[in-house]
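Reading through the structure tokens given below for one structure.
In the working numbering, the protein residues as written are 5 to 149.
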């Protein structure tokens, strides 16, 4: 089961990948798709109700640093691990994938002629992320999970 708020996005991504796979196999096309990890960067969504983890934590820690709150509560246990990639790195990876020779693309996506996952290969816990963001914004209070 997909998480309800992400379901339409996930289905659209899967449908796009499957469309590329099908056209590549059926018509010998060279359509390519990439599956990015969690992205962050300029013009992100910082809305408190529906932002992703990095902008949500940036906003929360900035607000508590400005108000000098003694503690901030971060949802969950802090133990889940996530991988993050800056949008500029994703753009560079996308260009790289588009410029790959067809044979190289096929060698790396065979047998489905599907997609390539794009990420750093490095995970961090939400706790580590929260501690890093707290330091960056100058928050010195207590972080509670």
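Each residue gets a CB set at the ideal place from its N, CA and C atoms; glycine is no exception. Note that this is a predicted model, so its numbers are computed, not measured.
From 94, 41, 36, residue whose alpha carbon lies closest to that of residue 108: Here the question's residue 108 lines up with position 104 in the chain shown. When only C-alpha atoms are compared, the closest one is 36.
Buried or exposed by the 16-neighbour rule on C-beta atoms within 10 Å, applied to residue 136: As a first step, residue 136 is located in the chain shown; it is residue number 132 there, counting from the start. By the neighbour-count rule (16 or more Cβ atoms within 10 Å), residue 136 is not buried but exposed.
Under 8 Å between C-beta atoms of residue 78 and residue 140: For this step, residue 78 is matched to residue 74 along the chain shown. For this step, residue 140 is matched to residue 136 along the chain shown. Not a contact, by the Cβ cut-off of 8 Å.
Euclidean distance between Cα positions of residue 87 and residue 124: As a first step, residue 87 must be located in the chain shown, where it is residue number 83. As a first step, residue 124 must be located in the chain shown, where it is residue number 120. Taking the straight line from one Cα to the other gives about 7 Å.
Contact set for residue 134: own chain, Cβ-Cβ below 7 Å, skip 5 residues either direction: The residue given as residue 134 occupies position 130 in the chain shown. The answer, listed in chain order, is 61, 78, 82, 147.
Residue 90 classed as buried or exposed, judged by whether at least 16 other C-beta atoms fall within 10 angstroms: Residue numbering aside, residue 90 sits at position 86 when the chain shown is read from its first letter. Exposed, because fewer than 16 other Cβ atoms sit within 10 Å of the Cβ of residue 90.
Reduced DSSP category for residue 12 - H, G, I as helix; E, B as strand; rest coil: As a position in the chain shown, residue 12 is number 8, starting the count at 1. Correct three-state label for residue 12: helix.
Limits of the unbroken alpha helix (DSSP H) element including residue 65: Reading the chain shown from its first residue, position 61 is the one you call residue 65. Residue 65 -> alpha helix (DSSP H) spans 57-71.
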